[in-house]
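For what it's worth, the numbering used here labels the leading residue of the sequence shown as 1353, then goes sequentially.
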Amino acid sequence: MSLEGTELNGGQALIKSLEMEGVEVIFGYPGGAILPVYDPIIDSKIRHVLVRHEQGAGHMAEGYAHATGRPGVCMVTSGPAATNVVTPLADAHLDSVPMVCITGQVAMPAIGTDAFQECDTTGITRSVTKHNMLVTAAADIPDAIAEAFHIATTGRPGPVLVDIPKNIVDANNPDAYFTYHHPRSVDLPGYKPDQTPPAESIEAAVDLLLTAKRPVLYVGGGVLKARGAEALLQLAEVGNLPVVTTLMARGAFPDSHELCLGMPGMHGNYAAVTAMQRSDLLLAMGSRFDDRVTGKVGAFAPDAKVIHVDIDPAEHGKVRIPDVSVVGDCRIAMELMNTEIDQRGGARAFADHTPWRQQLSGWQEKYPLTYEQSGPGDYLKPQYVIERLRDGCPDDTIVASGVGQHQMWASQYWNFNYPYTWINSGGLGTMGFSIPAAIGAKVGMPDRLVWAVDGDGCFQMTAQELVTASVERIPIKVALINNAYLGMVRQWQELFYEERYSEVHLTHDMPDYVKWAEAMGCVAFRVEDPDEVELTIAKANQINDQPVVVEFRCISSEKVYPMVPAGGSNDEILVDPSQRTEGEQS
């Protein structure tokens, strides 16, 4: 039913505006300043998921957005609730996740008086949002919400925060009422992101691409944000171009494809890392030359010319000066490049890449991902757990990871053949991300199998959201890689701090993860024997009416390889000890 022309209060108008934007679910937590908005939710078709911590609301909104491509929405109150969503906002900002966060604020007359639960929310979040705004009149709410969704979802996506003072949404305040209108369009002077790149930049990019003898397609998360996987596949195949997919781009190009080299970076595959180093052309597509990919910038891909395709002009030349800069949407740019290549003769127009492909195949054969299976009586190897989990789940399973060693093993050993099946915190590296993000993904994609791969350190940060999953009937599954340590920190201390292990030991037994999970309404299993891994995963996959936690007790000493030492050149990549010569063992 249309409410156009009806008198509404600000709280009703806010919920109606969200409905008009197509919002299906809000992840939130009520409190004093936002309380007037929670009353009209009762009469709304929008689902509200009550979280156990405001940080969880933000990460759930992120997971929802990652999985569906639609903007995630979270709503919390003022003061400490608003500061609790700063981490998800920063996470979404760095990973270009479309999200709208609504925060309550103290009443307008109280702003600036240090009122109860007051903080300068827009000031605090200005540097971790794409845009934020304080709405000062109820009649401005429809336009503010429309603008927020427009900004969050256009150009380079990102989080937008809308701060709402209590008095403009209060049903008891006569000044909170106005005649509702839904804006027909959004007009924001100065905000007009360029979608279509200039023709001359496309032509210049194709000129370089056709003559390169050692090209690499360096694919970042921008390709997924642009829904560009199909155009990417066409470009790679017509040009016989090897592809690396960054941590944020896993699934953008099928791992099973012969042109896929896997993940580059600090813990990337040897072939992917070395291919970039030895390339004569990098076609950087929606990637930002992150330090975890480049290593020592001055030593990164020294002989490579660079074509940089990105919708954000600020990314061009920020780290590496491109030879050709293509400012625009990645999908549109690739479609235009494909058309241009076709007009120049298609596959026949490219230089011969056969020697380059042979070199890459040699590296792949010599330095595959590898590990030694655990011996009798030892705990599990985490890589083995990931492999069995991968093989026991459908190809389109959505995997959300925490941050640390388990994140790297999941990205390395899972085969991502579909886009939007890998959800993780890339730029900010937020521990505790996976469980709430998996919940958000499952809400958005209820018919898909969703696993959270978590570490024991991460699990202890946000496990309370499993209560949310149980109460709300959101049946995610959690693979808890319990190695009794903050594993990545331990690895660095072993390699670079002479094995001086400072404050990294968590123990296998405290807390009892099975009892804890059961207390939160989950089905829980503990696995210590390799022979029980597959059977337990199969049991977990058969449970579809409540969350499941599987604790895999893993060896503490296992390290992630390959590894590029922090601040070092990618040429200094350390492969698994079993692949090193005698002089390289130290």
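Just so you know, even glycine gets a beta-carbon here, dropped at the ideal spot from N, CA and C.
All of these numbers come straight from a predicted model, not from anything done at the bench.
Inter-residue Cα distance where the pair is residue i and residue j
i: residue 1789; j: residue 1573; result: 17 Å
i: residue 1514; j: residue 1668; result: 29 Å
i: residue 1840; j: residue 1447; result: 21 Å
i: residue 1422; j: residue 1730; result: 44 Å
i: residue 1922; j: residue 1618; result: 8 Å
i: residue 1417; j: residue 1632; result: 36 Å
i: residue 1938; j: residue 1927; result: Unreliable placement is indicated for residue 1938, whose pLDDT of 49 sits below 50; no coordinate value is reported for it.
i: residue 1625; j: residue 1601; result: 15 Å
i: residue 1610; j: residue 1786; result: 30 Å
i: residue 1489; j: residue 1504; result: 22 Å
i: residue 1829; j: residue 1616; result: 28 Å
i: residue 1678; j: residue 1693; result: 16 Å
i: residue 1452; j: residue 1880; result: 42 Å
i: residue 1676; j: residue 1556; result: 7 Å
i: residue 1470; j: residue 1688; result: 50 Å
i: residue 1851; j: residue 1889; result: 35 Å
i: residue 1628; j: residue 1634; result: 7 Å
i: residue 1872; j: residue 1898; result: 11 Å
i: residue 1363; j: residue 1824; result: 24 Å
i: residue 1645; j: residue 1598; result: 8 Å
i: residue 1553; j: residue 1658; result: 13 Å
i: residue 1803; j: residue 1751; result: 5 Å
i: residue 1877; j: residue 1762; result: 20 Å
i: residue 1375; j: residue 1690; result: 35 Å
i: residue 1910; j: residue 1758; result: 11 Å
i: residue 1535; j: residue 1428; result: 25 Å
i: residue 1942; j: residue 1654; result: Only positions 1353 to 1938 of the chain appear in the structure, and residue 1942 is not among them; the question remains open.
i: residue 1732; j: residue 1410; result: 33 Å
i: residue 1512; j: residue 1384; result: 22 Å
The beta strand (DSSP E) enclosing residue i, as first and last residue numbers
i: residue 1451; result: 1451-1457
i: residue 1318; result: Past the boundaries of the shown model lies residue 1318; the chain is included only from 1353 to 1938, so the question cannot be answered.
i: residue 1690; result: Looking at the DSSP string, residue 1690 is not in any beta strand (DSSP E); the run it does join, the alpha helix (DSSP H), is 1682-1695.
i: residue 1660; result: 1657-1662
i: residue 1360; result: 1359-1361
i: residue 1471; result: That residue, residue 1471, is in no beta strand (DSSP E); it is neither H nor E in DSSP.
i: residue 1380; result: 1377-1380
i: residue 1570; result: 1567-1571
i: residue 1420; result: Run containing residue 1420: none in the beta strand (DSSP E); it sits in the alpha helix (DSSP H), 1406-1420.
i: residue 1511; result: 1511-1517
i: residue 1596; result: 1595-1597
N-terminal and C-terminal residue of the alpha helix (DSSP H) that residue i is part of
i: residue 1505; result: 1493-1505
i: residue 1709; result: 1706-1718
i: residue 1745; result: First-last for residue 1745: undefined, no H or E at that position.
i: residue 1441; result: 1438-1446
i: residue 1840; result: 1839-1848
i: residue 1482; result: No alpha helix (DSSP H) contains residue 1482, which DSSP labels as neither H nor E.
i: residue 1732; result: No alpha helix (DSSP H) holds residue 1732; DSSP gives it neither H nor E.
i: residue 1771; result: Taken as a continuous stretch (DSSP letters only), residue 1771 belongs to no alpha helix (DSSP H), as it is neither H nor E.
Whole-angstrom C-beta distance between residue j and residue i, which should lie under 8 Å
i: residue 1684; j: residue 1547; result: 6 Å
i: residue 1424; j: residue 1792; result: 6 Å
i: residue 1436; j: residue 1407; result: 5 Å
i: residue 1430; j: residue 1455; result: 6 Å
i: residue 1336; j: residue 1596; result: Any property of residue 1336 remains undetermined from this structure, which presents the chain solely from 1353 to 1938.
i: residue 1378; j: residue 1398; result: 6 Å
i: residue 1449; j: residue 1499; result: With 8 Å as the limit, residue 1449 and residue 1499 do not qualify as a contact, their Cβ atoms being about 18 Å apart.
i: residue 1773; j: residue 1748; result: 6 Å
i: residue 1818; j: residue 1869; result: 7 Å
i: residue 1583; j: residue 1604; result: Not a contact, Cβ separation roughly 11 Å.
i: residue 1736; j: residue 1882; result: 6 Å
Identified DSSP bridge partners for residue i
i: residue 1723; result: DSSP, once it has assigned bridges, lists no residue as partnering residue 1723.
i: residue 1611; result: Paired residue(s): none; residue 1611 is not in a bridge.
i: residue 1753; result: 1805
i: residue 1576; result: Answer is none; residue 1576 lacks a bridge partner.
i: residue 1832; result: 1806, 1903
i: residue 1424; result: 1451
i: residue 1860; result: The partner list for residue 1860 (beta bridge, DSSP) is empty, contrary to what the question assumes.
i: residue 1585; result: Beta-bridge pairing links residue 1585 to no other residue.
i: residue 1738; result: In DSSP, residue 1738 forms no bridge with anything.
i: residue 1399; result: 1377
i: residue 1926; result: 1915
i: residue 1775; result: 1752
Residue i at chain C interface by Cβ criterion, 8 Å
i: residue 1496; result: The structure shown contains no chain C; it is built from a single protein chain.
Starting from the N-terminal side, write out each stretch of the alpha helix (DSSP H) that is 4 residues or longer and does not extend beyond the region 1870-1916.
1885-1893
At 3 residues or longer, what runs of the beta strand (DSSP E) sit wholly inside the region 1602-1654?
1612-1614, 1633-1637
Entirely within the region 1521-1567 and at least 4 residues each: give me those alpha helix (DSSP H) ranges in chain order.
1551-1563
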